[in-house]
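Number of protein chains: 2
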Amino acid sequence: MKYKQGMLIVVSGFSGVGKGTVIQLLIDSMPNLQFSISCTTRAPRVGEENGVNYFFLSEEEFEKKIAAGEFVEYTKTFTNYYGTLKSEIDAPLAHGVDVLLELNVVGARNIKELYPDCITVFIAPPSLDVLKARLIGRGTETQESIERRIKEIEIESKEIRNYDYCVTNNVARSCADKIVNIIRSEHLKVSRQNMTNIFNSEA
Amino acid sequence: MKYKQGMLIVVSGFSGVGKGTVIQLLIDSMPNLQFSISCTTRAPRVGEENGVNYFFLSEEEFEKKIAAGEFVEYTKTFTNYYGTLKSEIDAPLAHGVDVLLELNVVGARNIKELYPDCITVFIAPPSLDVLKARLIGRGTETQESIERRIKEIEIESKEIRNYDYCVTNNVARSCADKIVNIIRSEHLKVSRQNMTNIFNSEA
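If you're matching them up, the sequences are chains V and S in order.
Take 0 as the starting number for the first sequence in numbering that gives the first Met the number 0 and just add one per residue.
Take 0 as the starting number for the second sequence in numbering that gives the first Met the number 0 and just add one per residue.
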């Protein structure tokens, strides 16, 4: 049996924009959408689980996978590796499952080059002021860390123009619903449909 | 005041597919969507009103408008003229209103060339057999007329690949909802948004 190819969806957003909640709502709303788990060498944060949020690897394990060609793309930040496993994308797509990736702007750009048919969605805050208020409201960030994040945001914001869609996160449920609609609408594109099925009957 | 530019949506579909009902539901669902009334020289059918379904013109009136350059596009069939007035498109678009055009495959192709940012949606029947059953079920068509329509359908169906979206009309309400989602999602495209509004506050 030949499966219909699934669709690859890349979601990015500034730190503090509330991506996690939106993505969870998305996954819960769409039975045919699967979250692709990334690999990282950073330590798990409180509440994060191996094989759920990330595959948490040692630097040695990560580099072994690089050598084995297991990553579609990976990036190294100042302190850590982040990577997307081929096995987490290609197998589900081939079975007609839609795959959701959460990536930073660099990872998103890499994936768009490799999978030009993927759709990229940037989750934006209602305004920079709202985002700053959210970062400060967390109470877990120092003034210095907040200022560093604001700088990152200014750099990342220049990349938004390269995304297919930009959705503002005022309310997580409504933001998730908009992305659900984007995914459903993209499936209605002629370029993604097998048009012969309408005309398989003899006229 | 500078308005946000509206979006142009072109809807086509085979004769008998139920376009009229879907379009009425669409217009009723979207306050910012306006139906653009076409001009024709054909006689009004029962229930059709001048200035509602079409502007019904004499051949002389139609040709005067051609000479005056009032049409964005027009086509002449064996018996009649059909045309789209500039005034029905450009003014509402400039005021941020979305405009819906119902056009045949030739008109849709003309408009897509002139307005490359427009979105084109083809409304398809669940299958050709269903469409044939609908045409016969009307009871208003002769066997010869039905066969002619089926031939037209076969010719038109080759054009579907040039549309942006194809939506199957199983149930008019659900088909209209899908097109509503398409229009809303298209408005979330980065290429259609003014991205500066997110970052107008000082960081």
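Idealized CB from N, CA, C, for every residue including glycine.
No experiment lies behind these values; they were computed from the predicted model shown.
Contact annotation for S/N180 against chain V: N180, R183, S184 [CB-CB distance below 7 angstroms, chain order]. Judged by DSSP secondary structure, V/C174 falls within the alpha helix (DSSP H) whose first and last residues are 171–186. Contact annotation: V/D116 and V/G5 have beta-carbon atoms that are not nearer than 8 angstroms.
When the beta-carbon positions are compared, S/L130 and S/G15 come within less than 8 angstroms of each other. Contacts with chain V at 8 angstroms (Cβ-Cβ) do not include S/M29.
Among the CB atoms of chain S, one or more fall inside 8 angstroms of the CB of V/Q192. Close to chain V, meaning a Cβ-Cβ distance shorter than 7 angstroms, are the following residues of the region 144–161 of chain S: I149, E153, S156, I159, R160. For S/I122, the secondary structure class from DSSP, reduced to helix, strand or coil, is strand. DSSP places S/E101 in the uninterrupted beta strand (DSSP E) bounded by 97–101. Per DSSP, S/L25 is one residue of the alpha helix (DSSP H) stretching across 18–28. DSSP, reduced to helix, strand and coil, places V/I88 outside both helices and strands of the structure shown, so it counts as coil. Counting the other Cβ atoms within 10 Å of the Cβ of V/K177 gives 16 or more, which makes it buried. 8 angstroms or more divides the Cβ of V/L127 from the Cβ of V/L7. In this structure, V/F61 lies away from V/T76, with their beta-carbon atoms at least 8 angstroms apart.
One thing to note: V/E72 has its Cβ within 8 angstroms of the Cβ of V/N109. Our two residues, S/L56 and V/Y162, have alpha carbons roughly 46 angstroms apart in a direct line. Within the same chain, Cβ atoms closer than 8 angstroms to the Cβ of V/I26 are found at L32, Q33, F34, L99, the five residues on either side in sequence being excluded.
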